[in-house]
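Structure first, then comments.
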Amino acid sequence: RRIAELKTDFKLRILLVLVDVEDNTNVLLFLNRLAMIQNFTLLLSWSEEEAARYLETFKAFDGKDASLIQKREQVNFIDQV
4 RRIAELKTDF KLRILLVLVD VEDNTNVLLF LNRLAMIQNF TLLLSWSEEE
54 AARYLETFKA FDGKDASLIQ KREQVNFIDQ V
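Under my numbering, the first residue of the sequence shown carries the number 4, and numbering increases by one thereafter.
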């Protein structure tokens with residue numbers, strides 16, 4: 004229900020999941036299907052530290068230009084040859 008309320012309010016919609024159960028196959032298949040249908044990016048983390056790093060990274064790059072993480076082309080003549 005909460006996912007349906009978001010509709011298309013955001014350009015990037017991420018579903019961050021902390022996987023902390025042994026038998027996770029059915030749940031992950033359901034979440035994967037849900038993310039695909041609702042146009043979410045599904046990120047799985049296997050520890051709380053990994054989930055925290057994802058959140059820190061998103062917060063650090065929030066509002067920044069995409070050129071910060073894009074590959075830079077070399078401009079030297081030797082690199083072009």
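The beta-carbon is built from N, C-alpha and C at its ideal position, and this holds for glycine as well. Small disclaimer: the values here were computed from a predicted structure and weren't measured.
In the DSSP assignment, the residues bridged to Ile17 are Thr44.
Collapsing the DSSP output to three states places Lys62 in a helix. The stretch 40-49 and the stretch 61-70 do not touch, with fewer than 3 CB-CB distances between them shorter than 8 Å.
Between the beta-carbon of Leu21 and that of Glu51 there is about 7 Å, and that keeps the pair under the 8 Å contact cut.
Val24 and Ser48 have their alpha carbons spaced roughly 12 Å apart.
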